[in-house]
Amino acid sequence: MNTLNKIKQLSIISLLLLGACGRDEEPIPVIPPSDGSTLTLQGGEGGNDAINAVYVDLSSDTQESVKRDSWTLGFYAGDEFRVILNNQLGISALATGETDLERVTPSSVNIDELAYNYTPDKLALYDDTLGRLQHTVIEEIRAESSENQVYLVNTVHGMSIDVEHVWKIKVDRTDDGGYQLQYGKLSDSETQQLSIPKNADYNFQFVSLTAGQVNVEPVKSEWDFVWTKSMLYTSMGAAAIPYFYSDLVFINHLAGVSAAEVITGGDVPTYEDFQESDLANVTFSNSRNVISSHWRVTTDAGVLKDRFYLIRDQAGNVYKLKFLVMGVEDSGQRGYPEIEYKLIKNN
-19 MNTLNKIKQL SIISLLLLGA CGRDEEPIPV IPPSDGSTLT LQGGEGGNDA INAVYVDLSS
41 DTQESVKRDS WTLGFYAGDE FRVILNNQLG ISALATGETD LERVTPSSVN IDELAYNYTP
101 DKLALYDDTL GRLQHTVIEE IRAESSENQV YLVNTVHGMS IDVEHVWKIK VDRTDDGGYQ
161 LQYGKLSDSE TQQLSIPKNA DYNFQFVSLT AGQVNVEPVK SEWDFVWTKS MLYTSMGAAA
221 IPYFYSDLVF INHLAGVSAA EVITGGDVPT YEDFQESDLA NVTFSNSRNV ISSHWRVTTD
281 AGVLKDRFYL IRDQAGNVYK LKFLVMGVED SGQRGYPEIE YKLIKNN
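For the sequence shown, the residue numbers in my numbering are -19 to 327.
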């Protein structure tokens, strides 16, 4: 037998022995979900303009704070080819009608159209506040580059526009199923390119137009909701207008989290009394805005004490959740809200 064959035989024997050892190893333990806890969310400096978004996972008692200004665009990692704007900064965008980045210049567009105002027409500048991917400002990215428009993106929210904060972008698909981003400042002649592969472990891959690809959301299976400031809407007469809200809570609806609001009183149990058997009377929703701003009032109230929330995570565990303080008309500090939650159903 030659030396090469001996080496092959020894390699096969080694692999078989390793496999046998692996079969005798103890199984990886399953970590049970948390029974519940209290958390002070770390929104950071800024008060009602807190610098961080805070991603919370109830089953592991964890939170992750991420600067709201750390990203500009999010690239969906699911089957569709969708790109979102950073609503947490009130980033606005509009289509140019052009498909060639070089043809878009300061003289060919009116950047003032990107400015914020308290009028219904301005809602079209911002992504859908319900988080529906089919209602983004940037249309679905087509397979043919000639069908994908160039967009203007204003990275600083305001009622006046500085050309230095306006970028032009074009997004195409890549042959391997990811995204190709072309971008540059509107006032510059130079542009850049960036390839963004999809990663199914996350809802989105994120890009900062100044820093490139960045980490923002945790793995999609490891967070239930995010507390943040964000563009939402309010009513002005009979019409809805865009409005920048603080202390919003959005559930991880794209990853299967659902929630329900419980208004106490009458035959409805209090937070303390609510238990698993009471879930039979609850209808859960996967709308991103189930909690939203409904848990608080910013004028002369703070946390609303007549309600709490139920969160059903991706594993099927159900928690009851109440907000304790938010820093308005209570002992808390704005930007550091306190929550309490308790496991009522372990899947």
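All residues carry an ideal CB built from backbone N, CA and C; glycine is no exception. What you are looking at is a predicted structure, and each value in this text was computed from that prediction instead of being measured.
Rounded separation between N266 and V237 - CA only: Taking the first residue of the sequence shown as position 1, residue 266 is located at position 286. Taking the first residue of the sequence shown as position 1, residue 237 is located at position 257. Rounded to whole angstroms, N266 to V237 spans 6 Å at the Cα level.
Tell me the DSSP secondary structure of E144 in three-state form. Here residue 144 refers to the residue found at position 164 when the sequence shown is read from its first residue. E144 falls in the helix class under three-state DSSP.
For T109, count neighbouring Cβ atoms within 10 angstroms of its own Cβ and tell me buried if that reaches 16, exposed if not. The sequence position of residue 109 within the sequence shown is 129, counting from 1. Buried, because 16 or more other Cβ atoms sit within 10 Å of the Cβ of T109.
Measure how close the beta-carbons of F55 and Q162 come, nearest whole angstrom, since I'm counting them as under 8 Å. Taking the sequence shown and counting its residues from 1, the one referred to as residue 55 is at position 75. Taking the sequence shown and counting its residues from 1, the one referred to as residue 162 is at position 182. So it is not a contact: roughly 14 Å between Cβ atoms.
Quick one: what's got a C-beta closer than 8 Å to G138's C-beta in the same chain, skipping five residues either side? Stepping through the sequence shown from its first residue, residue 138 is reached at position 158. So the qualifying residues of the chain are A95, Y96.
Considering just the uninterrupted stretch of the beta strand (DSSP E) at N330, what are its terminal residues? The question about residue 330 has no answer, for the chain in this structure spans -19 to 327.
According to DSSP, which residues form a beta bridge with Y225? Working through the sequence shown from its first residue, we reach residue 225 at position 245. S210, per the DSSP bridge assignment.
So, helix, strand or coil for D152, using DSSP? Within the sequence shown, the letter at position 172 stands for residue 152. Residue state, collapsed to three classes: strand.
N-terminal and C-terminal residue of the beta strand (DSSP E) that F186 is part of: Stepping through the sequence shown from its first residue, residue 186 is reached at position 206. F186 -> beta strand (DSSP E) spans 184 to 188.
With which residues is R62 paired in a DSSP beta bridge? Translated into positions along the sequence shown, residue 62 becomes position 82. Its beta-bridge partners do not exist; DSSP assigns none.
Helix or strand or just coil, what does DSSP make of L69? Along the sequence shown, read from residue 1 onward, the residue named residue 69 stands at position 89. Of the three classes helix, strand and coil, the one that applies to L69 here is helix, per DSSP.
Quick check on Y106: buried or exposed, where buried means 16 or more other Cβ atoms within 10 Å of its Cβ? Position 126 of the sequence shown, counted from the first residue, corresponds to residue 106. The residue is buried, with at least 16 neighbouring Cβ atoms inside 10 Å.
Leaving out the 5 sequence neighbours to the left and right, which residues in its chain are closer than 6 Å to P177 when beta-carbon positions are compared? What you label residue 177 is simply residue 197 of the sequence shown in a count that begins at 1. Excluding sequence neighbours, P177 sits near G158.
Could you check what DSSP says for L38 in three-state terms: helix, strand or coil? Translated into the one-based positions of the sequence shown, residue 38 becomes position 58. Looking at L38 - three-state DSSP - the assignment turns out to be helix.
Mapping DSSP to helix, strand and coil, what is G111? The sequence position of residue 111 within the sequence shown is 131, counting from 1. Three-state DSSP puts G111 in coil, outside helix and strand.
CA-to-CA distance, L132 to K148, given in whole angstroms: On the sequence shown, position 168 is the one that residue 148 refers to. On the sequence shown, position 152 is the one that residue 132 refers to. Each residue's alpha carbon lies about 5 Å from the other.
Just to confirm the assignment, what range does the beta strand (DSSP E) spanning F254 have? Start at 1 with the first residue of the sequence shown, and residue 254 comes out as number 274. First-last for F254: undefined, no H or E at that position.
Nearest to Y225 by alpha carbon, out of T278, D101, Q129? As a first step, residue 225 is located in the sequence shown; it is residue number 245 there, counting from the start. Nearest C-alpha to Y225: T278.
Check this for me: beta carbons of L259 and N297, under 8 Å apart or not? Walking along the sequence shown from the start, residue 259 turns up at place 279. Walking along the sequence shown from the start, residue 297 turns up at place 317. The answer is no: Cβ separation not under 8 Å.
How would you call V329, buried or exposed, if buried means at least 16 neighbouring beta carbons within 10 angstroms? One cannot answer for residue 329 here, as it falls past the ends of the chain, which runs -19 to 327.
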